[in-house]
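What follows is a set of notes on a single structure, which appears directly below.
Numbering (our numbering), first residue to last: 3 to 235.
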């Protein structure tokens with residue numbers, strides 16, 4: 003697949019892992035939490051268990067805020083590893099998320115896309131209060147922020163994307179979505195049919211076996227060239 007069709011008026015982005023250094027920030031937060039417990043825990047194994055609970059809880063109804071989801075997922079993971087949980091542990095995690103910085107090339111790439119005339123929005127599985135700290139580091143180039151808290155649903159549910167499009171006042175064909183998560187964002191692109199660029203940062207996350215994104219780039223600064231090749235810049 004390649005990018006084709008009408009020039010998008012909006013570029014929408016996943017936040018964590020696409021714009022913001024999620025894996026690195028999560029590892030640092032978990033290191034702080036687990037080190038305080040005095041146990042030598044395999045942090046990669048712990049994060050895998052935490053991720054399992056987080057994504058499972060995001061699918062449950064009624065909808066929980068991400069602050070609630072992350073706290074409950076952390077508690078479940080800690081109990082599975084035989085660790086005691088305290089509410090302060092969850093506060094360490096949520097307060098760390100908003101401080102996670104962007105990848106080095108992100109702000110300049112957003113500036114280039116904004117100067118080319120695109121409007122920029124984030125669609126993210128988080129809460130408004132949590133993402134505010136991350137957005138403050140993005141140079142003021144993002145026009146709109148749509149969160150799971152606003153939509154009452156988490157990706158890959160179509161509900162959050164439809165809420166985003168309604169909020170932006172656009173149709174599905176008026177955008178290209180740029181993302182790093184195959185099993186959240188690209189699953190939605192496959193199911194709903196919107197155009198997508200996958201930022202494959204070499205994390206080991208595998209592409210979906212039954213879907214190919216329109217384009218694949220290694221870092222966000224490669225996106226302008228892809229859009230230019232489509233005749234949009």
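For each residue, glycine too, the CB sits at the ideal point set by N, CA and C.
From a predicted model like this one, the values you see are computed outputs, not experimental measurements.
Under 8 angstroms, with one C-beta from each stretch per pair, do the stretch 148-163 and the stretch 37-47 reach the 3-pair mark? no
Closest residue to residue 109 among 9, 189, 17 (Cα-Cα distance): Counted from its first residue, the chain shown places residue 109 at position 107. Looking at the Cα atoms, 17 is the closest of the given residues.
| Where DSSP assigns a beta bridge to residue 179, which residues make up the other side? | Here the question's residue 179 lines up with position 177 in the chain shown. DSSP lists 14, 198 as partners of residue 179.
- Start-to-end residues for the alpha helix (DSSP H) that takes in residue 60: As a position in the chain shown, residue 60 is number 58, starting the count at 1. From DSSP, the alpha helix (DSSP H) with residue 60 extends over 45-60.
Just to confirm, is the Cβ distance from residue 20 to residue 219 under 7 angstroms? Here residue 20 refers to the residue found at position 18 of the chain shown. Here residue 219 refers to the residue found at position 217 of the chain shown. Not closer than 7 angstroms, so no.
Which stretch, first to last residue, makes up the alpha helix (DSSP H) that contains residue 85? The residue labelled residue 85 in the question sits at position 83 within the chain shown. Per DSSP, residue 85 belongs to no alpha helix (DSSP H) and is neither H nor E.
- Going by DSSP, what residues sit across from residue 104 in a beta bridge? Locating residue 104 in the chain shown gives position 102, where the first residue counts as 1. Answer by DSSP bridge pairing, in chain order: 22.
Does the beta-carbon of residue 197 have 16 or more other beta-carbons within 10 angstroms, so that it is buried, or is it exposed? Residue mapping note: residue 197 aligns to position 195 of the chain shown, counting from 1. Buried, since its Cβ has 16 or more Cβ neighbours within 10 Å.
- Identify whether residue 217 lies in helix, strand or coil by the three-state DSSP scheme. As a working note, residue 217 is residue 215 in the chain shown. It is a strand residue.
ask   = CB-CB under 6 angstroms to residue 166, same chain, minus the five flanking residues each way: which ones, in chain order?
value = In the chain shown, residue 166 corresponds to position 164, counting from 1. Correct list, in chain order: 125, 148.
*asked:* Does the stretch 94-105 come into contact with the stretch 127-145, if we say contact requires no fewer than three beta-carbon pairs (one atom in each stretch) closer than 8 angstroms?
replied: yes
### Message
Since residue 180 and residue 15 should fall inside the 8 angstroms C-beta cutoff, what is the C-beta to C-beta distance between them, to a whole number of angstroms?
### Response
In the chain shown, the residue the question calls residue 180 occupies position 178. In the chain shown, the residue the question calls residue 15 occupies position 13. Yes, they are in contact, since the Cβ atoms of residue 180 and residue 15 sit about 5 angstroms apart, within 8 angstroms.
Practice item. In the DSSP assignment, find the unbroken beta strand (DSSP E) run with residue 125 in it and report its ends. Key: As a first step, residue 125 must be located in the chain shown, where it is residue number 123. It spans 121-126 - the beta strand (DSSP E) in which residue 125 sits, taken as one unbroken run.
*Can you tell which of 98, 168, 160, 46 has its C-alpha closest to the C-alpha of residue 188?*
Counting from 1 along the chain shown, the entry for residue 188 is found at position 186. For the residues 98, 168, 160, 46, the minimum Cα distance to residue 188 belongs to 160.
Practice problem: Would you mind giving the Cβ-Cβ distance between residue 223 and residue 10, rounded to the nearest angstrom? I have them listed as a contact below 8 angstroms. | Solution: For this step, residue 223 is matched to residue 221 along the chain shown. For this step, residue 10 is matched to residue 8 along the chain shown. Not a contact, Cβ separation roughly 19 angstroms.
* With 16 as the cutoff for other CB atoms within 10 Å, does residue 26 come out buried or exposed? -> As a working note, residue 26 is residue 24 in the chain shown. Label assigned to residue 26: exposed.
| request: Quick one: using the 10 Å Cβ neighbour count with 16 as the cut-off for buried, is residue 184 buried or exposed? | output: Along the chain shown, one-based indexing puts residue 184 at 182. The residue in question, residue 184, is buried, as its Cβ has 16 or more Cβ neighbours within 10 Å.
Per DSSP, what kind of secondary structure is residue 146 in: helix, strand or coil?
Position 144 of the chain shown holds residue 146. Residue 146 falls in the strand class under three-state DSSP.
Exercise for the section: Verify whether the separation of the beta carbon atoms of residue 59 and residue 71 is less than 7 angstroms. Expected result: Against the chain shown, residue 59 aligns to sequence position 57. Against the chain shown, residue 71 aligns to sequence position 69. The answer is yes: Cβ separation under 7 angstroms.
Would you tell me roughly how many angstroms separate the C-alpha atoms of residue 186 and residue 73, rounded to the nearest one?
-> For this step, residue 186 is matched to residue 184 along the chain shown. For this step, residue 73 is matched to residue 71 along the chain shown. One C-alpha to the other measures close to 20 angstroms.
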